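Residue numbers (the numbering used here), protein chains in the order written: chain V, 546 to 842; chain S, 35 to 393; chain X, 364 to 652. Glycine residues also receive a C-beta, built at the ideal position from the N, C-alpha and C atoms. Please read all numbers here as calculations on a predicted model, not as lab measurements.
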Amino acid sequence: MVMPQELARALELRPRRTWRTTKNTIMTGLLGGAVVVVAIPLVLVMISVFAKGGAILFAHFPKFLTADIPPTRVAGPGMGPAIIGTLMITGMATVIAVPLGVMGAIYLHEYGGQSKFAQLVRFMAMVMTGVPSIVMGLFIYIVWTLNFKLQGFGGALALACLMLPIVISASEQMLKLVPNGLREASYALGATKARTILTIVLPAASSGIVSGSLLAVARAAGETAPLLFTIGATRVLNTSLFHGDDTALSARIFENAKEAVASAQERGWGAALALVLLTFTLTVIARVITALATRRK
Amino acid sequence: MKTWIAILASSTALFAVSCKKGEDKGTPKMTEGSDKGAMKPEPSGPVSLSASGSTFQKAFEEIAMDSFMKSHPDIKLTYGGGGSGKGRQDLADMVVDFAGSDSKYKDEDKAKIKGGDVLYFPILLGGITVSYNVQGADNLNLSPDTVAKIFQGDIKKWNDPAIVADNKGAKLPAEAIVVVHRADGSGTTDNFTKYLDTASGGAWKLESGSTVDWPKDTQAGQGNGGVAQIVSSTKGAIGYVDLSDAKAAKLHYANIKNKNGKFVEPTADSASAAGDGIDVKDDLTFSALDAKGDAAYPITYQSWVIVYAKQADPKKGAALKQYLSYLIGDAQKELPGLDFAPLPKSLQDKAVAQLAKIQ
Amino acid sequence: MTTKPDLSGNRQLGDKAFGGLAIGAAALVLLILALIAITMTNRARPVLGHMGLDFFTSSKWSEHDNIFGALPFIWGTVYTAAIAVVLAVPVSIGVALFITQIAPPWLKRPLVYLIDLLAVVPSVVFGLWGVLMLAPHLNRSFLTAGIILAIMIVPIITSLAREVIETTAQSDKEAAYALGATRWEMINAAVIPHAKGGLVGAVMLGLGRAMGETIAAALVIGSSAQIALNPLKSGDSMPAVIANQWGEASDLQKSALIGLAVTLFAMTIIVNLVASRIVQRSMQKTRGA
Chain V
546 MVMPQELARA
556 LELRPRRTWR
566 TTKNTIMTGL
576 LGGAVVVVAI
586 PLVLVMISVF
596 AKGGAILFAH
606 FPKFLTADIP
616 PTRVAGPGMG
626 PAIIGTLMIT
636 GMATVIAVPL
646 GVMGAIYLHE
656 YGGQSKFAQL
666 VRFMAMVMTG
676 VPSIVMGLFI
686 YIVWTLNFKL
696 QGFGGALALA
706 CLMLPIVISA
716 SEQMLKLVPN
726 GLREASYALG
736 ATKARTILTI
746 VLPAASSGIV
756 SGSLLAVARA
766 AGETAPLLFT
776 IGATRVLNTS
786 LFHGDDTALS
796 ARIFENAKEA
806 VASAQERGWG
816 AALALVLLTF
826 TLTVIARVIT
836 ALATRRK
Chain S
35 MKTWIAILAS
45 STALFAVSCK
55 KGEDKGTPKM
65 TEGSDKGAMK
75 PEPSGPVSLS
85 ASGSTFQKAF
95 EEIAMDSFMK
105 SHPDIKLTYG
115 GGGSGKGRQD
125 LADMVVDFAG
135 SDSKYKDEDK
145 AKIKGGDVLY
155 FPILLGGITV
165 SYNVQGADNL
175 NLSPDTVAKI
185 FQGDIKKWND
195 PAIVADNKGA
205 KLPAEAIVVV
215 HRADGSGTTD
225 NFTKYLDTAS
235 GGAWKLESGS
245 TVDWPKDTQA
255 GQGNGGVAQI
265 VSSTKGAIGY
275 VDLSDAKAAK
285 LHYANIKNKN
295 GKFVEPTADS
305 ASAAGDGIDV
315 KDDLTFSALD
325 AKGDAAYPIT
335 YQSWVIVYAK
345 QADPKKGAAL
355 KQYLSYLIGD
365 AQKELPGLDF
375 APLPKSLQDK
385 AVAQLAKIQ
Chain X
364 MTTKPDLSGN
374 RQLGDKAFGG
384 LAIGAAALVL
394 LILALIAITM
404 TNRARPVLGH
414 MGLDFFTSSK
424 WSEHDNIFGA
434 LPFIWGTVYT
444 AAIAVVLAVP
454 VSIGVALFIT
464 QIAPPWLKRP
474 LVYLIDLLAV
484 VPSVVFGLWG
494 VLMLAPHLNR
504 SFLTAGIILA
514 IMIVPIITSL
524 AREVIETTAQ
534 SDKEAAYALG
544 ATRWEMINAA
554 VIPHAKGGLV
564 GAVMLGLGRA
574 MGETIAAALV
584 IGSSAQIALN
594 PLKSGDSMPA
604 VIANQWGEAS
614 DLQKSALIGL
624 AVTLFAMTII
634 VNLVASRIVQ
644 RSMQKTRGA
């Protein structure tokens with residue numbers, strides 16, 4: 546039952562307007578203002594990326610994604626090598642980091658528990674997430690690129706090092722959520738630990754692990770610094786990760802951001818749009834998987 | 035269990051496939067009996083040549099490589115830029131097949147060159163502009179000692195008497211000057227500072243070289259393109275940018291007082307005029323700075339392609355020779371369109387003759 | 364799927380092998396970190412031998428004279444990160460409070476998505492926007508870099524702040540209301556004192572992230588090795604100078620740049636460690652309540 550205002554006030558059920566309530570309103574306004582302040586740069590950046598990037602990406606639809614990168618001064622679409630480069634390098638990094646990360650998480654949760662070693666590994670994984678990406682890039686330069694020259698695989702290694710601790714932490718969280726009852730039932734039926742993990746635990750945690758990994762992939766796809774020292778630069782398509790210079794969207798955006806000519810800057814925006822669409826798609830898929838999984842439960 | 039094995043197997047297969055694909059496109063193997071003379075003109079199988087260095091010649095290299103690759107589909111070329119210093123370093127380390135550089139190797143760096151003797155092939159001439167971004171000044175005249183004082187921080191504001199003296203009638207604001215220079219080891223910096231050293235009548239105190247100890251409160255860009263970008267997006271900025279990049283970035287640039295006392299605008303023609311009187315040494319190096327002549331632009335410089343005289347891989351060597359003769363031959367007609375000056379005929383002939391020295 | 368119990372030794376072997384793989388993968392983390400520390404300090408040794416401790420205290424950086432002092436870049440890193448934190452913290456905490464305390468349920472989810480979107484945008488895209496859209500108006504300086512960094516660390520601080528705030532005991536909040544507090548007063552009395560520790564930790568994590576950010580800083584900071592208090596002056600930061608100068612650095616210079624990387628590594632690790640300790644402790648405190 547809704548009370549009319551006068552009655553409510555008469556019964557002193559609504560606060561009178563005092564300094565305190567005014568202060569409350571002001572602070573509420575400020576907090577709402579904070580949200581607006583956060584929204585502004587996001588909106589501005591998205592407008593620029595979609596408007597300027599869209600102008601070249603959608604106007605020249607398939608060509609932008611497939612053509613080789615034209616010379617800096619020449620206007621025109623073309624980011625094919627960079628897109629393939631990002632997909633291949635990030636893909637290889639995923640192939641390396643996800644299995645290793647999941648296995649690491651399996652060790653931490655299923656074998657190590659709270660042992661000193663497991664605690665050390667957990668701690669170090671957390672430290673590793675804080676390593677600046679440029680330090681990872683230099684590290685791989687020293688141990689890999691100096692021996693094997695510039696190639697896409699070096700970049701993949703650097704990205705894998707960035708992804709590994711993220712995948713470990715996320716996967717461990719997912720493994721924790723699998724009810725112990727499932728494991729015990731499996732042991733009771735005579736299965737080995739390995740079999741239990743592979744056939745019972747992992748499938749149960751799979752949606753969480755997949756969505757966590759997708760988020761790590763999205764993060765890796767956007768990284769630039771680790772690639773700067775390891776993959777070189779090329780304008781033409783390179784289908785091998787092991788021979789010759791490669792390029793990627795993030796590196797290309799960085800290069801084009803330093804150019805003065807409109808032709809290069811246009812392509813930079815287009816590449817930025819492609820990269821943003823890629824990372825958004827990965828993130829959305831990850832969220833959808835999580836949503837579907839929780840709904841099923 | 036089975037799904038995991040399947041995943042493992044398919045990723046290993048993917049791995050192997052990408053390795054193999056690479057090998058097909060990789061560096062060609064040595065052909066037998068190819069050590070002496072007789073270079074086959076047309077190499078069979080794909081050849082990759084990589085280069086890095088001067089951003090001055092970068093625009094030309096990219097366009098030349100683009101059209102060369104269209105007519106020679108089995109040769110892959112990449113030019114990485116990064117500044118003349120990087121080019122020389124990469125060539126010395128044998129990380130690239132040729133270097134673009136606006137300056138020679140310094141004597142103390144010659145010992146680090148791993149692959150033996152190098153040859154210098156000049157490929158173009160052009161002007162270094164003093165570009166700026168300030169309201170009320172579309173056509174500034176600047177004399178070398180003013181330029182020197184601006185870039186070393188002695189002149190701090192746009193309406194300084196020294197600038198006004200050469201520009202009667204221009205309404206210059208009291209804005210602060212933001213000096214922009216190169217962050218990377220640059221042949222453009224080298225030539226620009228050499229010019230200030232010789233032509234500013236003692237005003238320039240910061241020495242010359244690929245890198246210079248610029249004063250504080252300046253800004254740095256990567257490559258000519260980077261400096262051009264900073265100048266075009268920073269109010270009150272002034273920087274040195276080669277003409278080709280300055281025009282592409284739509285910058286305003288100054289007319290510089292040359293040795294004959296005339297204020298000359300940087301153009302392809304005034305650069306050619308400066309190139310007319312150069313004194314070319316035997317190794318095809320020279321300097322076009324502070325040239326004589328009424329029409330000569332005083333800050334004209336040049337860029338070379340540096341290669342090893344002895345080529346380890348005959349296939350690459352042959353491809354290199356082909357590309358080089360294109361650069362100093364047919365590709366020269368692209369230069370005016372990019373605001374560079376082509377090689378003077380006598381120099382071009384000498385360069386073509388030097389091609390024979392590549393083994 | 365029913366299987367006959369397999370009593371052969373293969374089963375045990377397979378089980379042990381799997382366990383071995385798992386331990387190996389976990390140990391990889393330790394191996395990589397150790398390798399990073401060892402190889403990089405090794406490569407930094409030449410410059411430390413050349414400069415001694417002056418490497419950390421000298422403010423001169425000159426390839427020309429072979430003198431490499433890291434101080435201007437340490438300053439630039441710390442200063443831009445500090446500016447970023449000063450700009451980002453009030454906004455992030457404000458947003459976190461808004462989402463958790465004020466927003467009606469239909470608004471909460473979209474707001475959380477908004478923050479997540481901000482987190483997903485790659486830093487190089489912010490860098491591109493900063494260079495081409497912001498720098499023409501603001502020029503390149505510590506401040507411009509700080510602004511871009513602030514935009515990038517807002518999602519981190521907000522997410523963590525949200526988590527910490529949501530651990531406030533409902534009973535505490537109701538107690539405040541029961542005493543007649545307005546919503547803001549309740550926040551002041553129940554939420555903030557409780558979340559204070561966690562918020563500090565969140566801020567420090569954001570600080571760590573800002574210090575390590577390379578690309579955005581490299582593009583808009585001005586690339587000038589100077590130590591200045593005026594935020595409108597141009598400067599440089601450790602990751603930015605590494606990214607910009609690596610390409611054609613001489614051997615000694617490369618060693619100096621690696622020395623910068625090691626310094627950056629050490630600084631960000633310390634900040635992150637302190638931060639997570641603080642966050643952990645505050646989360647523990649609340650679970651007890």
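Amino acids of chain S, ordered along the chain, whose beta-carbon sits closer than 8 Å to that of residue i
i	result
ARG503 (chain X)	GLN253, ILE264, THR268
GLN589 (chain X)	LYS250, ASP251
Limits of the unbroken alpha helix (DSSP H) element including residue i
i	result
HIS215 (chain S)	No alpha helix (DSSP H) contains HIS215 (chain S), which is instead part of the beta strand (DSSP E) from 212 to 216.
THR657 (chain X)	Residue numbering for chain X in the displayed model covers 364 to 652; residue 657 (chain X) lies beyond these limits and cannot be assessed.
TYR229 (chain S)	221 to 233
GLY726 (chain V)	725 to 733
TYR113 (chain S)	That residue, TYR113 (chain S), is in no alpha helix (DSSP H); its beta strand (DSSP E) goes 109 to 116.
GLY575 (chain X)	555 to 575
GLN356 (chain S)	348 to 362
ALA254 (chain S)	Note, ALA254 (chain S): premise wrong, no alpha helix (DSSP H); beta strand (DSSP E) at 253 to 255.
SER486 (chain X)	486 to 492
LYS745 (chain V)	Strictly speaking, residue 745 (chain V) in this sequence is Ile, with Lys absent from that position. It is not in any alpha helix (DSSP H) - ILE745 (chain V) carries neither H nor E in the DSSP assignment.
Start and end residues, beta strand (DSSP E) containing residue i
i	result
TRP469 (chain X)	That residue, TRP469 (chain X), is in no beta strand (DSSP E); its alpha helix (DSSP H) goes 468 to 483.
THR334 (chain S)	334 to 342
ILE290 (chain S)	289 to 291
PHE603 (chain V)	Segment: none, PHE603 (chain V) is in no beta strand (DSSP E) and carries neither H nor E.
SER84 (chain S)	81 to 87
SER135 (chain S)	132 to 135
ALA580 (chain X)	Counting along the chain, ALA580 (chain X) falls outside any beta strand (DSSP E), though it belongs to the alpha helix (DSSP H) covering 578 to 583.
Beta-carbon neighbours of residue i, restricted to chain V and to distances below 8 Å
i	result
ALA282 (chain S)	ARG618, ALA805, VAL806
ILE97 (chain S)	PRO616, ARG618, VAL619
SER82 (chain S)	GLY789
PRO602 (chain X)	PRO677, ILE679, ALA770
ASP347 (chain S)	Here the premise fails: no neighbours, minimum Cβ distance about 15 Å.
Beta-carbon neighbours of residue i, restricted to chain X and to distances below 8 Å
i	result
GLN123 (chain S)	GLU611, SER613
ALA217 (chain S)	SER586, ASN607, GLN608
ASN569 (chain V)	THR545, ARG546, TRP547, GLU548
Per DSSP, cross-strand counterpart(s) of residue i
i	result
ASN167 (chain S)	S:ALA271
LEU153 (chain S)	S:VAL341
LYS191 (chain S)	S:ALA210
SER425 (chain X)	X:ILE430
ALA375 (chain S)	S:LEU159
ASP172 (chain S)	Looking at the DSSP assignment, ASP172 (chain S) forms no beta bridge with any residue, so it has no partner.
Contact set between residue i and chain S, taken where Cβ atoms lie within less than 7 Å
i	result
THR779 (chain V)	THR112
LYS596 (chain X)	ASP251
Proximity test, Cβ basis, 8 Å: residue i and chain B
i	result
GLY259 (chain S)	Judged by its chain identifiers, the structure shown contains no chain B, and its protein chains are V, S and X.
Can we say the segment 600 to 612 of chain X touches the segment 518 to 534 of chain X, given the rule of at least three CB pairs closer than 8 Å? Contact annotation: the segment 600 to 612 of chain X does not touch the segment 518 to 534 of chain X, with fewer than three C-beta pairs closer than 8 Å.
Pairing CB atoms from the segment 485 to 499 of chain X with CB atoms from the segment 564 to 574 of chain X, are three or more of them under 8 Å? no
Between the segment 101 to 117 of chain S and chain X, which residues of the former have a C-beta closer than 7 Å to a C-beta of the latter? GLY116, GLY117
Note down, in chain order, all residues in the segment 416 to 428 of chain X with a beta-carbon under 9 Å from any beta-carbon belonging to chain S. LYS423, SER425, GLU426, HIS427, ASP428
With a threshold of 8 Å, are at least 3 pairs of Cβ atoms found where one atom belongs to the segment 792 to 806 of chain V and the other to the segment 567 to 583 of chain V? no
Could you please tell me which residues of the segment 638 to 659 of chain V, in chain order, have their CB closer than 9 Å to any CB of chain X? Listed in sequence order: PRO644, LEU645, GLY646, VAL647, MET648, GLY649, ALA650, ILE651, TYR652, LEU653, GLU655, TYR656, GLY657.
What are the residues in the segment 484 to 499 of chain X lying within 7 Å of chain S by C-beta distance? ALA498, PRO499
Three or more C-beta pairs closer than 8 Å, one from the segment 750 to 762 of chain V and one from the segment 668 to 686 of chain V: is that the case here? no
Quick one, which residues of the segment 621 to 632 of chain X are near chain V if we go by CB-CB under 9 Å, in chain order? Using a CB distance below 9 Å, the part of the segment 621 to 632 of chain X facing chain V consists of ILE621, ALA624, VAL625, LEU627, PHE628, THR631, ILE632, ordered along the chain.
Please list, in chain order, the residues of the segment 231 to 249 of chain S that have any C-beta partner in chain X closer than 7 Å. GLY243, THR245, VAL246, ASP247
Sufficient close CB pairs (3 or more, under 8 Å) joining the segment 170 to 183 of chain S to the segment 211 to 222 of chain S: no
Decide if the segment 288 to 307 of chain S is in contact with the segment 374 to 393 of chain S; the criterion is three or more beta carbon pairs, one per stretch, under 8 Å apart. Yes: at least three Cβ pairs fall under 8 Å.
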